[in-house]
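Using the numbering used here, you'd call the opening residue of the sequence shown number 1 and step up by one each time. Read through the structure below, which is laid out as structure tokens, and then see the notes.
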Amino acid sequence: MLIGSVLGVYLYSAKSSMKGKSTVAGLRDEVMIAFDESDIPHVEAKSTNDALYALGYLHARERGWQLEFNRRLASGSLSEILGEKSLRIDQFIRTLGIRSAARNQYEQLPSETKLALEAYANGINAGFADLGWALPVEFILLGTKPGLWTPIDSMSWMMMMALDLGDNWSKEVIRLQLASVLTTDEIWQILPPYPGDQPATKIDFAKLYKDRGIYQASSNSVETLASNSYQVQDLLPMGQDGKGSNNWVLSGTQTTSGKPILANDPHLGLSTPSTWYFVHLKSKDMNIIGGSMPGLPGVILGHTSKVAWGFTNTGADVQDLFIDQIQTSNPSQYVTATGSEFFKVRRETISVKGQKSVSLLVRETQHGPVISDVFEPLKKLINTDKYVVSLKWSALDKKNQSILALLHVNQSNSIEDLKKAFSHFYAPMQNIVMADVDGNIGFMAAGVAPKRTAQNSMAGVAPVFGWEAKNEWGAYLTMEELPHDFSSNPNGIATANHKIQGDHSQYSLTADWSSPYRFDRINQLIQAKPKHDMASNMAIQADTLSLAAQPLIELLKETARQEPAFQKMVPLLDRFQGEMKVDDGGALIFNVWVDQLTRLVFKPKLGTFFEEIYRQRNLREGLIQILNDPDSSWCDVPATEKKELCKDLSPQALKFTLDYVSRRYGDSPNAWKWGRAHTAISQHHPMSNVPFLKSLFELHTPIPGDTFTVNVGRMNYSNPEEPYAANLAPGMRMIYDLSNLDQSIFMGIGGQSGWVQSKRYREYLGLWSADNYLPLSTNSSAANQASFLLKAK
């Protein structure tokens, strides 16, 4: 009875919807906020800073816990409320020095940008103050309150996005791990170069590392944590293929309206609340609508009254791991190309709920922070008596002004305005397509990256020795040296994290481009029609044909036909051509089979490294090449006279598949549907780690696709309960019609609200999973659902 009464008082008091008005400090003039039928708030203010203040207010009122969690993640203070289980995350972030770098970057910003950041921060703090005691339930369950938001928190969160998307360092860790158990040639077989390319380096780095004694005596091990403890990879899913996005822009010659159409669907890790909060901001100098990110001022992806743009991640190699040698005679020093230097040392104190504070001694070399002191996979791998591994990363530079670029983008009204705004962009480097109402289209890669030439021996693919001068970075690439196209390309422009540089480029942006399956499929669909409209662009975003499945389908079908036990699968597979539809039984069989085949081929040689590497890399390209190579020795058993081939493992993989699907979904093939295994799971931090709360806070829905389809649904193979569930998918879809921008459309996963008790917490979920859309219009006359007035004190 008492619990029910308390819950009733809380639900009555919680301001989980925006109604009425509020008088707040720090606002210059009143601001009207009205919600339309798509649940998008339309903010009308006299000044841009008042509009940003209102955005901060909305973020706090609607996404309060998300803001607080992100603030603590970026500042390395999660353990203060979560206890020891998040300690390794905090230690890693403190070692990187995110907040200190953010402070240094803030000092370099022009005064008008600082004022905009302060206005946004003041809005957040006012929004939290307005909530009173009845905060979102996460605060109450964890016994905490919102901290003060400052401009440094926004700067820090911008760097966290760069960390999430600039993940070359984790790929270098993978190659360092593989080099302890494989030869360099075998590493290039399991992780082959981009199609048509040669290996980026000729160096035999596996032999080099072993000859130098880099590894511990027994290094084939990975960390084992309690099930409720966070690993760095849990909150920062570095290196996951499939993460990145699709975008394309069609010129007016390719559309029925005669004006460009631009489409964008970012692929980030699924979370609840969603990464995105949709909003329309209008002031004297700004009129923009699209997806904002709680923690950052302004709209990140969207359109103004004259121009639209979309991002995909370039994946430029802006991070290098340096193996630095500890000075034998003095362990407080390390070896450089010109002698020895002392480690820079600072002490961090981390508050931990329920126990004493933990003191962390952070070391830095001339290259950057020593991450091998806190990142367990490296700590267990290398000989820490002789070596450390430090990280050099462009986003930590004092000159990083990406947040300035985003604020300028919000006031752009032409492609020239966008080009000028994005000239300030630093990290993470993005592929940006753009179009304006005058019919112009364009593309640019915006950000900074070191100049890597063919003479750069390791080419950024694996850690380098810090005492060799040839490995040091020089100047960054200029805007003119980065890929760009403003020629009003009549064929349109598409990017999907594929290789955007020609074979004869003087400088290499990276050796780790995403595989071109999505890009190739997008181009197939664009070229399939002489003229496109909004409906055909929706169909492209929803496409589920996996080009990465097609090279393996015939082997699967041949295997199924060979044994009587598999005959019930044959009708489903006869119809399967690689379409990953939710109701397709062939798609289910294929994905379970190819997963098991991947494990049978690679796990014997990789040992305990396999699960961690498979969690990040799908290994599909390597599998296809090895299966097609009659000379491959990957699966050969030396003790036998016969040469065993990896494709000989196919019946064993299919036998497991039959057992698995029958056990999980019944003996009848009619019940075998891809959507039963392939659900999108939007995790909540930290409530997904609490068994009796998990189902309340998480969002689940069946989805089509796989890691390689345009409509991405990347499998989380590391989840033992749901190995084929998706942890990465298009969290937002947008299509902009430049003939009438108010006819643009969008869709997000989850909902606008972060209040778990609100129906708006999951309002978009059904529409999103069915590939439906809602209007994205700046016409505020349609905003008639509810209105809210912010008044200045």
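For each residue, glycine too, the CB sits at the ideal point set by N, CA and C.
- CA-CA distance, ALA726 to ASN719, rounds to 10 Å.
- Secondary structure at GLU348: strand, using DSSP grouped into helix, strand and coil.
- The residues THR113, ALA116, PRO297, GLY298, in chain order, have a CB closer than 8 Å to that of LEU407 in the same chain once the five nearest residues on each side in sequence are set aside.
- The C-beta distance from PHE422 to ALA446 rounds to 4 Å, short enough to fall under 8 Å.
- At the C-beta level, THR304 and ASN287 come within 8 Å of one another.
- In this structure, MET569 and LEU658 form a Cβ contact; the two beta carbons are roughly 7 Å apart against a cut-off of 8 Å.
- It is roughly 11 Å from the alpha-carbon of ASP438 to the alpha-carbon of SER488.
- Counting C-beta atoms within 10 angstroms of its own C-beta, LYS673 has 16 or more neighbours from the protein chains shown and is therefore classed as buried.
- Under the 10 Å beta carbon count, ASN740 is surrounded by fewer than 16 other beta carbons and is classified as exposed.
- With contact defined as three or more Cβ pairs closer than 8 Å, the segment 276–295 and the segment 38–58 are in contact.
- The count of Cβ pairs closer than 8 Å, one atom from the segment 336–350 and one from the segment 475–484, stays below three, leaving the stretches out of contact.
- An exposed status is given to TRP133, since fewer than 16 other beta-carbon atoms sit within 10 Å of its beta-carbon.
- Cβ contact annotation for TRP149 (same chain, cutoff 6 Å, sequence separation greater than five): ALA121, ILE124, ASN125, in chain order.
- If you look at TRP393, you'll find it in the beta strand (DSSP E) that goes 387–393.
- With contact defined as three or more Cβ pairs closer than 8 Å, the segment 603–614 and the segment 525–532 are not in contact.
- Inside the segment 565–601, DSSP marks whole alpha helix (DSSP H) runs of 4 or more residues at positions 570–575, from first to last along the chain.
- The three-state reading of DSSP puts ALA200 in coil, since its state is none of H, G, I, E or B.
- The C-alpha of ALA653 lies about 10 Å from the C-alpha of LYS647.
- Boundaries for GLY766: no beta strand (DSSP E) harbours it, while the alpha helix (DSSP H) harbouring it runs 765–769, taken from the DSSP string.
- In the three-state reduction of the DSSP assignment, MET434 falls in the strand class, which pools E and B.
- For HIS678, the three-state secondary structure derived from DSSP is coil.
- Residue pairing by DSSP places TYR277 opposite SER292 in a beta bridge.
- At a cut-off of 4 residues, the continuous stretches assigned as alpha helix (DSSP H) that sit fully inside the segment 121–174 are 137–142, 151–165.
- Bounds of the alpha helix (DSSP H) holding SER79 are 79–82.
- The segment 587–600 makes contact with the segment 554–573; the number of CB pairs closer than 8 Å reaches 3 or more.
- When the alpha-carbon of GLN198 is set against those of ASP512, VAL710, ILE152, the nearest one is in ASP512.
- With a minimum length of 3 residues, the unbroken runs of beta strand (DSSP E) contained wholly in the segment 468–530 fall at 493–495.
- According to DSSP, SER22 shares a beta bridge with LEU790.
- CA-to-CA, the gap between SER390 and GLU364 works out to about 7 Å.
- Per DSSP, the beta bridge partners of ALA729 are LEU268.
- In this structure, MET293 and TRP276 form a Cβ contact; the two beta carbons are roughly 7 Å apart against a cut-off of 8 Å.
- Here THR95 is not near VAL388, since their CB atoms are 8 Å or more apart.
- ALA217 and ASP574 have their alpha carbons spaced roughly 51 Å apart.
- For the pair LYS399 and MET429, the Cα-to-Cα distance works out to about 14 Å.
- Here VAL690 is exposed: its Cβ has fewer than 16 other Cβ atoms, across all protein chains shown, within 10 Å.
- Per DSSP, TYR665 lies in no beta strand (DSSP E) segment; the continuous alpha helix (DSSP H) that holds it begins and ends at 650–665.
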